[in-house]
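Numbering (my numbering), first residue to last: 2 to 326. Encoded as structure tokens, the structure appears first; notes follow it.
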Amino acid sequence: MDLKVNYMGLELKSPVIVSSSKLTSSKESILNCVKAGAGAVVLKSLFEEQILDEINAKLQENDMYYFYPEAREYVQNISKDHGVGEYLKLVESVKDCGIPVIASINCVSANEWPKFASKLENAGASAIELNIAIFPYDAGKESSEIEKFYVNILTEVKKNVNIPVSIKLGNSFTNLIRLSDQLCKAKVDALVLFNRFYAPDIDIERLEIVPQNILSAPEEMAESLRWVGILSNLVKCDIAASTGVHDSRAVIKQLLAGASAVQVCSTLYKHGIDYIQVINADVMDWMMRHRFNAIHEFKGKMNRKKDHLAAFERVQYMKKTTGAY
2 MDLKVNYMGL ELKSPVIVSS SKLTSSKESI LNCVKAGAGA VVLKSLFEEQ ILDEINAKLQ
62 ENDMYYFYPE AREYVQNISK DHGVGEYLKL VESVKDCGIP VIASINCVSA NEWPKFASKL
122 ENAGASAIEL NIAIFPYDAG KESSEIEKFY VNILTEVKKN VNIPVSIKLG NSFTNLIRLS
182 DQLCKAKVDA LVLFNRFYAP DIDIERLEIV PQNILSAPEE MAESLRWVGI LSNLVKCDIA
242 ASTGVHDSRA VIKQLLAGAS AVQVCSTLYK HGIDYIQVIN ADVMDWMMRH RFNAIHEFKG
302 KMNRKKDHLA AFERVQYMKK TTGAY
């Protein structure tokens with residue numbers, strides 16, 4: 002059984018990618034991912050604010066930080082403790098680890114920092130994943146303006162590198178198909194579906210905003226599975242599935258829907274990095290039982306065909322609403 006896949010022109014020995022997290026923040030943990038059989042790793046994100054030289058000016062200019070003043074201190078602290086230099090050293094130290102190393106940048110604009118992307122390439126990154134987190138908190142901003150931000154950021158980064166660039170998207174767009182098409186025209190190499198923003202909660206005793214559900218749950222995969230199935234047959238770039246992928250069954254479903262690769266994180270926090278071995282073994286067992294010798298033989302077998310997409314979605318909605326399921 003052959004688990005190899007091609008993702009953004011990179012050959013992966015397994016479709017399982019360890020997503021950006023603390024699990025990919027050190028050389029030791031990355032080598033553990035390699036040993037466990039990961040196809041690639043996405044490094045813990047470097048923030049745009051860490052890259053910009055005049056960080057205090059950046060914080061004062063950005064309304065997002067004005068309304069959340071605690072963020073100022075946090076960004077200043079992470080910039081001191083986990084700077085750009087350390088990030089480049091990490092990339093350099095693991096570039097020959099045996100699997101593709103994908104650098105990750107969490108960003109909200111295309112101001113100045115995209116030039117830094119070339120340093121990641123020079124340090125040995127196999128690709129770059131852009132984790133774009135633009136929140137629509139301005140009622141006067143058109144949805145098309147927000148979409149342009151994504152395209153502009155991608156365009157500026159692509160000007161500075163020759164390695165593949167992917168974008169990790171959220172699921173709250175007015176027309177995700179149109180945005181995906183725009184990004185493909187701007188030469189994105191892959192879309193990662195979906196970004197999982199930490200959900201806020203309120204501690205009613207301490208009267209504080211606190212995070213909830215830091216780790217994803219298996220049922221959260223339904224949204225990405227749906228959109229992987231829709232987009233994989235429409236866009237001219239690779240798609241990686243993310244969020245809620247907890248076992249081999251989830252991996253297989255995403256591949257059947259048309260994903261080129263699948264990112265995992267929460268399940269590794271729960272079961273340990275060695276759980277990648279279990280996922281790979283179970284996928285191979287399933288392939289053997291269904292007489293598939295390679296992943297390309299069943300990839301996209303269950304995706305939505307363009308001609309029947311609207312009708313399919315409508316019928317499924319009607320069935321659910323009328324109690325046919």
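Quick reminder that beta carbons are idealized off the backbone N, C-alpha and C, glycines included. Nothing here was measured: the structure is a model prediction, and the numbers come from that model.
| query | result |
| --- | --- |
| Enclosing alpha helix (DSSP H) for residue 149 [first to last residue] | 144-161 |
| Three-way DSSP call (helix, strand, coil) for residue 136 in this model | coil |
| Ordered list of alpha helix (DSSP H) runs contained in the region 239-311, each at least 4 residues | 249-258, 267-272 and 276-290 |
| Beta-carbon separation (whole angstroms), residue 191 vs residue 152, contact threshold 8 angstroms | With 8 angstroms as the limit, residue 191 and residue 152 do not qualify as a contact, their Cβ atoms being about 15 angstroms apart. |
| Among 199, 221 and 222, nearest to residue 211 - alpha-carbon criterion | 199 |
| Given residue 259 as reference, the closest of 110, 234 and 275 once Cα atoms are compared | 234 |
| Contact between the region 231-245 and the region 274-293 (3+ Cβ pairs under 8 angstroms) | no |
| Length of the line joining the Cα atoms of residue 86 and residue 158 | 19 angstroms |
| Opening and closing residue of the alpha helix (DSSP H) in which residue 226 lies | 222-232 |
| Own chain partners of residue 162 with C-beta closer than 8 angstroms, once the 5 adjacent residues on each side are dropped | 118, 119, 121, 122 and 129 |
| Nearest-angstrom Cα separation, counted from residue 170 out to residue 144 | 15 angstroms |
| Proximity of residue 302 and residue 232 at Cβ, strictly below 8 angstroms | no |
| Where residue 45 sits in the DSSP three-state scheme | coil |
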